[in-house]
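Numbering (my numbering), first residue to last: 1222 to 1438. Reading through the structure tokens given below for one structure.
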């Protein structure tokens, strides 16, 4: 039986996802959590075959959450669901190493197929996603996972001390990572980082309504 951790966003999609997992006797919904902090705490003490990351919550940046999880457990298989159907947004997750990405337009059949495929050790990509990993690298892809973590927190406007506390590292280390980020991305300051993030779909659109999977055939 495959152990699954569900990190949910929108409350309605949470119930739907639970039903889809429980419908398959080969899968075990070991834990359900509502935040990346809870997810990381569980990953420290439990082995999972798959993490389902629901990015439908409008106040959260799914890319930031994804990087936080990957930094803690690089080999972890993560299925991202309820994401944007914008191809650039999909590409960001796929190139960062998610095992599968399903937009909010995915059917329940696709969600079930993705969960089962990834839980058994294979990636799941839709036909239109197959070539996304071959796209020309973007500037932020020069960053390491740790640098990406800091990057996503900087573009939210978090201060150095707040980032250090969240990532459990020294404030001086955050400052060093910030300097590396600015140098690699060839920008002068945090404002330029925010401009880049907005221009390249790295921040969810402000005021965007959350959407969740359609439970259709």
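Every residue, glycine too, gets a C-beta built ideally from N, C-alpha and C. Since the model is a prediction, treat every value here as computed from it, not as a measurement.
Considering only DSSP beta bridges, list what residue i is partnered with.
i: residue 1169; result: Shown here, the chain extends from 1222 to 1438; a query on residue 1169 therefore has no answer.
i: residue 1321; result: 1300, 1345
i: residue 1245; result: Partner(s): none; residue 1245 has no beta bridge.
Using C-beta distances below 8 Å, list every residue in its chain close to residue i, excluding the 5 sequence neighbours before and after it, in chain order.
i: residue 1309; result: 1421, 1422
i: residue 1410; result: 1403
i: residue 1223; result: 1247, 1248, 1249, 1270, 1271, 1340, 1341
i: residue 1311; result: 1304, 1305, 1322, 1324, 1350, 1353
Using DSSP with H/G/I as helix, E/B as strand and the rest coil, what is residue i?
i: residue 1330; result: helix
i: residue 1424; result: coil
i: residue 1223; result: strand
i: residue 1351; result: coil
i: residue 1359; result: coil
i: residue 1291; result: helix
i: residue 1416; result: helix
i: residue 1403; result: helix
i: residue 1365; result: coil
With a cut-off of 8 Å on the beta carbons, I'd call residue i and residue j a contact; round off their distance for me.
i: residue 1298; j: residue 1334; result: With 8 Å as the limit, residue 1298 and residue 1334 do not qualify as a contact, their Cβ atoms being about 15 Å apart.
i: residue 1324; j: residue 1304; result: 5 Å
i: residue 1326; j: residue 1306; result: 5 Å
i: residue 1363; j: residue 1398; result: Incorrect: roughly 13 Å between the Cβ atoms, too far for contact.
i: residue 1414; j: residue 1386; result: That belief does not hold up - the Cβ atoms of residue 1414 and residue 1386 are roughly 20 Å apart, past 8 Å.
i: residue 1239; j: residue 1259; result: No, residue 1239 and residue 1259 are not in contact; Cβ-Cβ is about 16 Å, not under 8 Å.
What does a CB cutoff of less than 7 Å around residue i pick up in its chain, not counting 5 residues either side in sequence?
i: residue 1370; result: 1288, 1289, 1292, 1388
i: residue 1243; result: 1250
i: residue 1344; result: 1320, 1321
i: residue 1381; result: 1392, 1395, 1396
i: residue 1332; result: 1241, 1302, 1323, 1434
i: residue 1359; result: 1421
i: residue 1372; result: 1361, 1364, 1402, 1414
Complete beta strand (DSSP E) runs within the region 1225-1281 (minimum length 3 residues, chain order): 1248-1254, 1271-1275
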